[in-house]
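Protein chains in written order, with this note's numbering: chain U, 1 to 110; chain G, 1 to 113.
Glycine included, every Cβ here is placed at the ideal spot set by N, Cα and C.
This one's a predicted model, so the numbers in the text were calculated from it and none came from an experiment.
As structure tokens, then:
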């Protein structure tokens, strides 16, 4: 069975600070991993995905995530937070079907 | 392209009532999905359709039925709504290749009293 765990349901950072959202996965086979973002009252949008090519994956809006097999992690980072990054972020794993984490709400303080 | 559209955007039902949530995509995608989103639980797959004419159960199918009417449309039906089905429902679609579910609809917020 595959699953993801997102550590921290809420993360708050100051504008310009580093963003780090944590995701750990469990999968019996090499996983495909994804990060999605959801802005208020909208559906989910794909930020980036890992599909066994490069372990450091770059996505939209300067987000990136690094696949670390030894740590079973796929944490999402952004060097400098912007107010517009405030949203809910979901990590997901997909082998036969896609399983989502519970989500992390990111707040950006001015 | 409108992408993935869902109707209605909001709905309030009484326990025991029935309703159908509509979803359509204009991207010629093969696969379509219905998810529900609940606080602290992320998105959970209710049903999916890998191609026109096929449907399969997901993680939480009980209390729901689906119809893949044609390649564009995938509806979700609640035959006898229960308060536990209060949720936000998202439809999604993707092409046959690749493993990511790229395109989500705007969601339907359903309250069952």
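Pairwise C-alpha distance: residue j and residue i
i            : j             : result
residue 75/U : residue 67/U  : 8 Å
residue 92/G : residue 104/G : 4 Å
residue 58/U : residue 65/U  : 7 Å
residue 28/G : residue 72/G  : 7 Å
residue 49/U : residue 75/G  : 28 Å
residue 92/U : residue 55/G  : 22 Å
residue 29/U : residue 7/G   : 37 Å
residue 44/G : residue 14/U  : 31 Å
residue 25/G : residue 34/U  : 22 Å
residue 41/G : residue 106/G : 18 Å
residue 42/U : residue 61/U  : 18 Å
residue 11/U : residue 12/G  : 32 Å
residue 9/G  : residue 108/G : 4 Å
residue 39/G : residue 5/G   : 23 Å
residue 89/U : residue 106/U : 7 Å
residue 95/G : residue 102/G : 9 Å
Residue from the options whose Cα sits closest to the Cα of residue i
i            : options                  : result
residue 18/G : 81/G, 74/G, 6/G, 86/G    : 81/G
residue 18/U : 48/U, 80/U, 43/U, 34/U   : 80/U
residue 47/G : 41/G, 62/G, 39/G, 38/G   : 62/G
residue 44/U : 95/G, 88/G, 110/G, 113/G : 88/G
residue 63/U : 102/U, 4/U, 82/U, 39/U   : 82/U
residue 68/G : 32/G, 90/G, 102/G, 113/G : 32/G
residue 8/U  : 47/U, 1/U, 21/U, 16/U    : 21/U
residue 53/G : 65/G, 64/G, 70/G, 39/G   : 70/G
residue 14/G : 66/G, 95/G, 84/G, 90/G   : 84/G
residue 31/U : 47/U, 55/U, 10/U         : 55/U
residue 36/G : 16/G, 2/G, 58/G, 3/G     : 58/G
Bridge-paired residues (DSSP) for residue i
i             : result
residue 75/U  : 66/U
residue 106/U : 11/U, 87/U
residue 21/G  : 76/G
residue 114/U : Residue 114/U cannot be examined here, being either before or after the span of chain U that is shown, 1 to 110.
residue 92/U  : 34/U, 100/U
residue 37/G  : 43/G, 88/G
Chain-ordered chain A contacts of residue i [CB-CB under 7 Å]
i            : result
residue 42/U : Of the chains in the structure shown, none is chain A; the protein chains are U and G.
Extent of the continuous beta strand (DSSP E) run through residue i
i             : result
residue 43/G  : 42-49
residue 28/G  : It is not in any beta strand (DSSP E) - residue 28/G carries neither H nor E in the DSSP assignment.
residue 11/G  : 10-13
residue 60/G  : First-last for residue 60/G: undefined, no H or E at that position.
residue 6/G   : 4-7
residue 110/G : 108-112
Residue i beta carbon near the ligand NAD (any heavy atom closer than 7 Å)
i            : result
residue 99/U : Only the bare structure without any ligand can be found here, which leaves the ligand NAD out of the picture.
task = Could you pull out every unbroken beta strand (DSSP E) segment of at least 3 residues lying fully inside the stretch 4-60 of chain U, listed in chain order?
result = Correct list: 10-14, 19-26, 33-38, 44-50, 56-58.
Beta strand (DSSP E) runs contained entirely in the stretch 65-106 of chain G, provided each spans 3 or more residues = Those beta strand (DSSP E) runs which fall completely within the stretch 65-106 of chain G and span 3+ residues are 65-68, 74-78, 87-94.
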